[in-house]
Structures are given as structure tokens and as C-alpha cells.
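Sequences listed follow chains A and B, in order. With the numbering used here applied, the first sequence corresponds to residues 453 to 760, in that order. With the numbering used here applied, the second sequence corresponds to residues 1076 to 1403, in that order. Cβ atoms here follow ideal geometry from the backbone N, Cα and C, with glycine treated the same way.
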Amino acid sequence: MSGSDVSVTPGSTQTDSEVALNYSIAQSASAGNYNLTFSDRFGASAPATFSVGDDTPIISGITPSVWPAGQTTQVTFVGQHFGTNAPVLGFSDSSITYAISTSTDGQIVANVTVPASTPNENVDVAVTSTGYGGNGFMPAPGQSGPASSATATVTNGGGECFAQLKFRPVPHLPPPLSANHSFWYIQDSDGVQWIIDGGPSGTCPGDCGNLIDWVTEGTVSSHFNAEPSLDSSGKTTAWSIGPASGQLCEQVDTLYQISSYYWPPGGDIPYCITGPNSNSFAWYVGVPMAEFDITTPPPNVPGWGSLQ
Amino acid sequence: MSTMRIRFAAVITSIPFCILGNPVGHGQPTAEATASAVLFRRFEAVAYSRTDLLSELRVRPQGQVDGTNYLELPYAEWMEGLGKIGSNAERDLERSYSSLLVGAMEFGGEVGLGPGPDGLGMVNSRKCYVATLESGREPDLRQDFAGASIQTIDEVPVWVWTVPAEGGVTNAVTFYAAQVGGTYFVLANNRPDFQIVITSLSPAGNSAPAVPNVVGWETLSGADYWLYRSFRRAGVTSPDAAGINGLTPDVTTLIFYADAGDKQGFVQVLSSDITKNSAPNVLRKLAPDRFQPQGAGLWQATIQLSRGGADADTMLELLYRFGFGVAL
């Protein structure tokens, strides 16, 4: 018998034309071909070849199976045939990443990181065996391959959809100047939260005092400080970053961006309006919209107030 | 750098002072001239206002402000610093002292009241304010500064107090203030600048020139309000905060001056490139064709300052260029 991890012992049948053997293959046996040779006083037979293969992994449990978006969760995958070489995890959502802490043939412990922007969704998780003892995976007869999958769930924020206008005072303005700087605080229907710069308002001349106005749709042209005029020709493409159309709230069903002036100078910044089905819009200036990390507190920290 | 200095000197000598306007200097060196000379020697930007003009800007009813209110921006830290030490300190000072100067530098650096992590608020800088007496006796300010501690710096009793960081919107700032030489009141947001200025202004240690050696001083010395900046481009950490974003390197000096009664202000740009056929682009809302040539490399534009007539964006950007920007 070639190889030390495979052994045979005589079985119940031994005739001139047939012999039954009991065989044993160690867990640590390398996958591959093995030769069986019979020998007697007349000499040795030609070798008969048989193969030892690896079983397809089986995932029997994922704990926890619900992963919050925006967090790193330590997840234990229990099953069989994961291999003793470092297995590989795969996710149907490619934005999910992982780092394996420990792994054995029957258990993998990994830190799984789900981006904050990941919506509520089911995620297929695949464990791919890379074999045993330094040898690559070789499927045993009848086995499907090196990988199998199970399902986990990503949750994000509860899914309540809202849009709020919040502000914080601009510090150190000499009286009688005063200003608040406003921000849209939006949570879309997937529970993803966003902050959009809303620009100043208050007792200060120029753009200040005009940037946050609620006006009835259709009176756009009367907004004297519109730069450019917020008419239909001024609308450009739908919001290119942030919440996609269809994810937004009923009250904020679409965001448009319009390049225009802002302060301090430095380039074109989008003005944004809500619509077209909303009965109101706001226009504002500021830095490009940045994703708001759901794991950090919302902006209603001390110094912030809610305009509505 | 040495090349820049030589070219700048050449430009200065080629410009007669009278092109900035009619000389209306005060004749004998005044306290204002001496204080200006001290500040010009140390700081990149210097601003001046008569205190009654600042008071007039401040008493406007809420909601009735216009672009001229941005002329207060260089004095925001003065107001806030004094406001923290007592409710009457600023009022008493501005009633007693006739003019208020401020020198500023290191825009967007570590010193001074400034924006928080969200970037809102005025650009912070090292600042030193000097109020001057036109006449009369030095006021007794002990009651106004009763809440400050007293230190002695160079044998001068100094009021010291700290404006703590609030809500994460600014750094804590320690203010130093003192009356100097019977004529000056000095307030700074850092000790090194304060110490140098009070030493320069004290009768014993006064080494300042009698009048500032800057372009157009004769005109500035007769104006109710002026701003002057001689741009330093070395060591700038943030062109945005420094107010030089988009400014061409040939722009060496920016000047603004106004009289309260005239309802107009004059913006002057000094370029080291005397071959230019048009003014450098300095303000987005003040096109180069608004500037008229006034001599080799010198351009001037007029802007309206009447109530409601001052274009707010122009004024905001003007102050930004002088280092007194504010992010709204």
C-alpha cells in the first residue's frame, strides 16, 4: 500500500479470484492517488490505483446569523469538511469583508464587516475548502466541489424613512450678524442615514437668510437669490451619490443637484431641491454629500437644533 | 523670495502717494500712526476703524443688516473676547478710545477663536488689537476687568482671561490686555504678539517708526476705515483660510479704505507685474474691468457702501481676501 495514511487489513473473503479488504483512511490522509499491490511467494501484482478525495464543506450553523450594517460582527460558522488549510469565505454582497480569527475542519470564527450603506438583505455565505495538510482541495467521488453556502441576514437601521432639517449656530459672528448653518438629516427607506449640507440662514446679508426656504413648488422663479434660477432647465441629473431614487422618503422623493455659487469660494457645489412630487423644496449649498455613519450619534448633539 | 522683494520695492518707489487720493494726513505723528507702524512691522494684515463707526454698524436692528456689516469681521474676536470678561468692557473701551486697529497673521493656524470641526465660523489667526486715545485721560477699566486675573509682563500689569472651548466649536483662547503709555489699550489672543506690541508701544521701549512705511499711508491715515494686507505666501498651511486661493502670485498688496460719510469704498490692488493691461482678478464679483489703472501696477475700483447698496457677496469676499473670512 503506498502512503502511510491509508491502510488495509484482510477481510472476510479470500479466494483465488477474489479478496475482500477492510480499508482505513486517516483524517490526515492527503488527497490523491494511491496504489494497492498484492504480493505472494510468486511475486507482486500490477498496482491497482484508487483515489482519496476531500468532502465538500457543509455549513450547519452561522452564529449570529443577523449582521447589522455598519458594524463588524464576530461570526462562528459551524459545519464539516472546512479543511485544515485556511478556508475562504465568500459573500453574495461583495462589499462585505471578513478576517478569519481561527479555523478548524469543523468551525470558522471570523470578524465580518458590513458597510453602513448595506441595505436590508439576505446574504449568501460560501465556505470554500482549500484542502488539508498543505494539499489543495480534491473532490471525492460524488462530492460537488470545494464550496457550499448558507444564508445570513443584514439589517440596517430599522428602515424608518424621514428627512429633518437641523442647524447649528455659526460661531463668532459679530452682532448684529447671526447665522445658523443647516443640514438635511435623511434616513432612507433602507435605514441608511445621510447628512447633506444645507447652507446658512439668519441675520446676515447676501446668500445668508435665503438659502433655507420652504416655498410652494411652482414659485421657484420668484426666489430672488436663485443662482441660477431654479427652473426646470436648471435641474440636472438626479442625485449622483447618496440615496437613490426610490429609496427616499415620501416627503423627499427625489433629489436634484444644480451647480452654483457657494461660500467660501472654491468651485461648483450642488444645490439640491426635493421634488417633483413634493409640494415643497429647499435649496442649499455646501460640501458634497457625505455618507453619515449609522454607528455614530445623529447630529442632534448639543449645539444642534431642529428647524422642523 | 529676494526677487519678489526687489520687484515690490521697485513698484513702491514708482508710485507717488498722491495717486491714492488727496493727502489728508494728520501732520504730527499720531497715536494711530504709531500703533499702525507697530502692527505693520509684525503682522501681515492690518485693519483700522474709528470706534464710532463700529458702534454704528452694531446698533442696526436685527434683520436690517447689509453688506457693510461685514466690515465688522476684523473686530469679531475683540467683541467676543471682551464680551466674555464683562458685559460693559467693550462699550466702555469704545466710548473712551477713538480708534481701533488690529494686526493679524497666520490665518488658519492654531491660534485664536476660529471654526470648529464643521468648518463654520471665522478664520482663526494671531491677532493683536490696539485702541488709541485721541484726547482725554486714560479711562479707568479696573471694574470692567474685575473678572480677569492679573499678571505682570515686562513690568506692565496685564489682565488675562480665557475663553474656553464651547461645544467643540473652537479652541480655548487666552486673552491678554493692558493699558500702555497712557494712550493705548492692547488686547491680543496670544502672549508673544502681546508682549512685542506692548513693548514697542511703551514709552520706554518704543522703537517703532513715527509713521508706517506702507503704500498710501497719507490717504489711509485720513480714512475712517481701512484694511491693508501685504501678502505673505510662505508657510501658508491653507490657501482657503489664508484668503489667497485663486490669487495670482503677482498680487502683492490689497488695500481698502472708506469714509463713513462718503458711502463708497475704494479697493486697490498692487501687482508686481507692471506690464499688465488689466487688473488682477481679486474678487469674483468685482470684475477686472471695474478697476482703473492708478499707476504702475496699481489698480483701483470703487464699491458702494450705502445702506442696502453694498453687495454682500463682494464685501464678504473682500474681507476674506484680507484674512478676515468667515464660513457661513
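Please tell me whether residue i has its Cβ less than 8 Å away from any Cβ of chain A.
i, result
"N1144 (chain B)", "yes"
"L1188 (chain B)", "yes"
"E1165 (chain B)", "no"
"M1180 (chain B)", "no"
"A1333 (chain B)", "no"
"E1075 (chain B)", "The question about residue 1075 (chain B) has no answer, for chain B in this structure spans 1076 to 1403."
"A1151 (chain B)", "yes"
Give the single residue among the options whose Cα lies nearest to the Cα of residue i.
i, options, result
"Y1172 (chain B)", "B:E1107, B:G1321 and B:A1316", "B:E1107"
"T1105 (chain B)", "B:A1371, B:S1296 and B:P1368", "B:S1296"
"I510 (chain A)", "A:G597, A:P623, A:P571 and A:V606", "A:G597"
"V458 (chain A)", "A:Q466, A:A481, A:T465 and A:G594", "A:A481"
"D1127 (chain B)", "B:Y1300, B:K1351, B:V1342 and B:A1376", "B:Y1300"
"V460 (chain A)", "A:T489, A:T508 and A:N485", "A:T489"
"V1261 (chain B)", "B:F1306, B:R1304, B:P1239 and B:E1213", "B:E1213"
"S1174 (chain B)", "B:V1357, B:A1298 and B:G1291", "B:A1298"
"N1163 (chain B)", "B:T1294, B:V1233, B:V1177 and B:F1220", "B:F1220"
"S581 (chain A)", "A:A568, A:S630 and A:D557", "A:D557"
"G1029 (chain B)", "B:E1181, B:S1277 and B:T1249", "Residue 1029 (chain B) is absent from the model: chain B starts at 1076 and stops at 1403."
"N537 (chain A)", "A:F589, A:G513 and A:G463", "A:F589"
"I1228 (chain B)", "B:V1289, B:G1340 and B:P1267", "B:P1267"
"D507 (chain A)", "A:V606, A:G594 and A:E573", "A:G594"
"V1198 (chain B)", "B:T1274, B:V1290, B:K1351 and B:L1148", "B:L1148"
"N563 (chain A)", "A:S517, A:S600 and A:L625", "A:S517"
"K1338 (chain B)", "B:P1136, B:N1352 and B:T1143", "B:T1143"
"G1183 (chain B)", "B:A1316, B:P1239, B:A1263 and B:D1386", "B:A1316"
"V1248 (chain B)", "B:Q1254, B:G1256 and B:T1237", "B:T1237"
"P520 (chain A)", "A:A568, A:G535, A:C656 and A:P621", "A:A568"
"Q523 (chain A)", "A:V566, A:S544, A:S503 and A:T549", "A:V566"
"V540 (chain A)", "A:I552, A:S546 and A:A478", "A:I552"
"L1373 (chain B)", "B:R1382, B:V1357, B:S1381 and B:D1388", "B:V1357"
Could you name the residues of chain B that residue i contacts, counting a contact when the two beta carbons are closer than 7 Å?
i, result
"V622 (chain A)", "L1195, G1196 and L1403"
Anything in chain A within Cβ reach of residue i, meaning under 7 Å, just list it in chain order.
i, result
"L1361 (chain B)", "The contacting residues do not exist; L1361 (chain B) stays about 13 Å from chain A at best."
At least one CB of chain B closer than 8 Å to the CB of residue i: is that the case?
i, result
"P626 (chain A)", "yes"
"T668 (chain A)", "Bear in mind that the predicted position of T668 (chain A) carries a pLDDT of just 25, short of 50, making it too unreliable to give a figure here."
"L707 (chain A)", "Interpretation of L707 (chain A) is limited by its pLDDT of 48, a score under 50 that renders its predicted location unreliable; the figure taken from the coordinates is listed afterwards. Answer no: the Cβ-Cβ gap between L707 (chain A) and chain B never drops below 8 Å."
Name the chain B residues whose beta carbon is nearer than 8 Å to that of residue i?
i, result
"L541 (chain A)", "None at all; the shortest Cβ gap to chain B is about 37 Å."
Under 9 Å between beta-carbons, which chain A residues line up against residue i? List them in chain order, please.
i, result
"L1148 (chain B)", "L625, P626 and L629"
"R1133 (chain B)", "P626, P627 and P628"
Just checking: is the beta-carbon of residue i within a distance shorter than 8 Å of some beta-carbon in chain C?
i, result
"Y486 (chain A)", "Among the protein chains of the structure shown, namely A and B, there is no chain C."
Would the C-beta of residue i count as close to the ligand GTP, meaning under 7 Å from any of its heavy atoms?
i, result
"K1202 (chain B)", "Annotation note on the ligand GTP: not contained in the displayed structure, which lists no ligands."
Ignoring anything shorter than 3 residues or poking outside the segment 552–588 of chain A, list the beta strand (DSSP E) runs there in chain order. 559–566 and 573–580
Determine contact between the segment 492–499 of chain A and the segment 467–475 of chain A, defined as no fewer than three beta-carbon pairs at a distance below 8 Å. no
Could you tell me whether the segment 1145–1157 of chain B touches the segment 567–586 of chain A, where touching means 3 or more Cβ pairs closer than 8 Å? no
Mind listing, in chain order, the continuous beta strand (DSSP E) runs of no fewer than 3 residues lying wholly within the segment 1338–1376 of chain B? 1339–1346 and 1367–1370
Note down, one range per segment and in chain order, each beta strand (DSSP E) of at least 3 residues found wholly within the segment 453–531 of chain A. 458–466, 471–477, 484–488, 500–504, 510–515 and 518–520
Along the chain, which unbroken stretches of the beta strand (DSSP E) at least 3 residues long are found entirely within the segment 1195–1223 of chain B? 1201–1207
Extract the residue ranges of the beta strand (DSSP E) inside the segment 1114–1149 of chain B, only unbroken runs of 3 or more that lie entirely within it. 1120–1125
What beta strand (DSSP E) runs, 3 residues minimum, are completely inside the segment 1229–1300 of chain B? 1231–1238, 1248–1255 and 1259–1263
Report yes or no: do three or more beta-carbon pairs, one from the segment 518–538 of chain A and one from the segment 569–579 of chain A, lie closer than 8 Å? yes
With three or more C-beta pairs closer than 8 Å as the rule, is the segment 1370–1377 of chain B touching the segment 1301–1313 of chain B? no
Does the structure place the segment 1334–1350 of chain B close enough to the segment 1361–1375 of chain B that three or more beta carbon pairs sit under 8 Å? yes
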